[in-house]
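K.L.:
Below is one structure. I have some questions about it.
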Amino acid sequence: MKKLFPVLFGIGMTVAIPHAFAESAAPAPTRKPVKHAAKKAVQKTDEDNQPDLAGKTRTDFHCELGNKVSIYDNAGDNQRIGMRWNKKMHELTRVETSTGAHRFEDKDAGLVWISIPAKSMLLDSKKGLQLANECRSREHMKAKSPNT
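Listed below in structure tokens is the structure:
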């Protein structure tokens, strides 16, 4: 029994010592979820975003797939146009091009209106999509059809 005691004591110590010195994983401190106050959104009414249409002429464009676009331009200001698309008014600003095409952009909405003599098109620059293509006004239609 005298020889058995040191053996049992040694086995017990080899089992107990590693557990005593092992780093115990302390539970991670739980943080309470912080509720952030919702940002107060300033509601913009449609009247705030409406371009001034006084003195502007309206040109209606009929596009493929039944889309319609109305452009409001002022002969005295060729740097801005108003555009009605999907029952919303947008103000677009001219962007110079090297090709001679008329290009207008509304950077906030991501809309791009490109007009060449044969047709016009509306693009969404944020999504990279064509919103309306093959848009033609009465002037485009007259230029396209041969004189009879």
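Numbering (mature numbering (1 follows the signal peptide of the UniProt record, and there is no 0)), first residue to last: -22 to -1, 1 to 126.
Note that the Cβ used here is the ideal one computed from N, Cα and C, for glycine as well.
As the structure is a prediction and not an experimental result, all values here were calculated from the model.
1) In or out: D24 buried (at least 16 other Cβ within 10 Å) or exposed?
2) For F39, count neighbouring Cβ atoms within 10 angstroms of its own Cβ and tell me buried if that reaches 16, exposed if not.
3) Label I(-12) either buried or exposed according to how many other C-beta atoms from any shown protein chain fall within 10 Å of its C-beta, with 16 as the threshold for buried.
4) In whole angstroms, what is the alpha-carbon distance linking G106 and Y50?
5) Look at R81 and I92 and say whether their C-beta atoms are less than 7 Å apart.
6) So the beta strand (DSSP E) K66 belongs to, where does it begin and stop?
7) Is D24 helix, strand or coil when you go by DSSP?
8) With respect to the beta strand (DSSP E) encompassing K46, which residues constitute its N-terminal and C-terminal limits?
9) Considering G88, what are the terminal residues of the beta strand (DSSP E) in which it resides?
10) Excluding the 5 residues preceding and the 5 following M99 in the sequence, name in chain order all residues of the same chain whose CB lies nearer than 7 Å to its CB.
11) Taking the Cβ atom as the reference point for each residue, do G88 and S103 lie within a distance shorter than 7 Å?
12) In angstroms, rounded to a whole number, what distance separates the CA positions of A96 and E117?
13) Enumerate in chain order the residues of its own chain whose CB-to-CB distance from V(-16) is below 7 Å, with the five nearest sequence positions on each side excluded.
P.N.:
Per the coordinate set shown:
1) Position 46 of the sequence shown holds residue 24. Residue confidence for D24 is low, a pLDDT of 49 falling below 50, so the modelled location carries little weight; the figure read from the coordinates is stated next. By the neighbour-count rule (16 or more Cβ atoms within 10 Å), D24 is not buried but exposed.
2) The sequence position of residue 39 within the sequence shown is 61, counting from 1. Per the 10 Å Cβ criterion, buried.
3) As a first step, residue -12 is located in the sequence shown; it is residue number 11 there, counting from the start. When all chains shown are included, I(-12) counts as exposed.
4) Start at 1 with the first residue of the sequence shown, and residue 106 comes out as number 128. Start at 1 with the first residue of the sequence shown, and residue 50 comes out as number 72. When rounded, the distance between both Cα atoms is 25 Å.
5) Position 103 of the sequence shown holds residue 81. Position 114 of the sequence shown holds residue 92. Yes, they are a contact pair.
6) Translated into positions along the sequence shown, residue 66 becomes position 88. Here the beta strand (DSSP E) through K66 covers K66 to V73.
7) The residue you call residue 24 lines up with position 46 of the sequence shown. Only weak support exists for where D24 lies, its pLDDT of 49 falling under 50; the value from the coordinates is given anyway. Three-state DSSP puts D24 in a helix.
8) What you label residue 46 is simply residue 68 of the sequence shown in a count that begins at 1. Here the beta strand (DSSP E) through K46 covers K46 to N52.
9) One-based indexing of the sequence shown puts residue 88 at position 110. From DSSP, G88 is part of no beta strand (DSSP E); its letter is neither H nor E.
10) The residue you call residue 99 lines up with position 121 of the sequence shown. Closer than 7 Å at Cβ, skipping near neighbours: I92, Q108, A110, N111 and C113.
11) Residue 88 sits at position 110 when you count from the first residue of the sequence shown. Residue 103 sits at position 125 when you count from the first residue of the sequence shown. Yes.
12) As a first step, residue 96 is located in the sequence shown; it is residue number 118 there, counting from the start. As a first step, residue 117 is located in the sequence shown; it is residue number 139 there, counting from the start. If you take the alpha carbons of A96 and E117, they lie about 10 Å apart.
13) Here residue -16 refers to the residue found at position 7 of the sequence shown. Nothing meets the Cβ criterion.
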